[in-house]
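In our numbering, the protein residues as written are 11 to 158.
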């Protein structure tokens, strides 16, 4: 059987992630299912399913059981991955693009000295921790856009 399940990221999980992140980032958390149902127009069951899909990778939280079954869910925090997905933190894509651009520039130049410098630059950028490079790229973009 090769049938795939429907993609629920755009229709269910991401809207719940964005709504929860907005509330948590304001400091109004933890967030139960009810405000997320209201913010997303999804059903309570869809929010519970999104909770299962988003924790612990994107959000942290707890399930509170009631005697009659599932009680409620509470989103308590946003992980690094969650912050990057909703745009609260810069993604690492800029770092990867910089390394790729340096490698492409190395491939297109005929000057041996320039090739060596570009190779070293790509190696240096690639060897620095992702978090540090994201901070550096964000600072450069901020400064060049007049925000820093």
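We put the beta carbon where it would ideally sit given N, CA and C, even for glycine.
In the three-state reduction of the DSSP assignment, residue 76 falls in the strand class, which pools E and B. At the C-beta level, residue 116 and residue 134 stay beyond 8 Å of one another. Shown here, residue 38 sits in coil according to DSSP, grouped into three states, outside any helix or strand. Under the DSSP assignment, residue 14 falls outside any alpha helix (DSSP H); it carries neither an H nor an E label. Put simply, the backbone Cα of residue 63 is about 22 Å away from that of residue 38. With 16 or more other Cβ atoms from the protein chains shown falling within 10 Å of its own Cβ, residue 68 counts as buried. Judged by beta-carbon spacing, residue 28 lies within the 8 Å limit of residue 96, meaning their Cβ atoms are closer than that value.
Inclusion of residue 70 and residue 89 in the CB contact set at 8 Å is warranted, their separation being smaller than that value. Judged by their CB atoms, residue 85 and residue 41 are nearer to each other than the 8 Å cut-off. Nearest in C-alpha terms to residue 21, of all of 52, 45, 30, 91, is 52.
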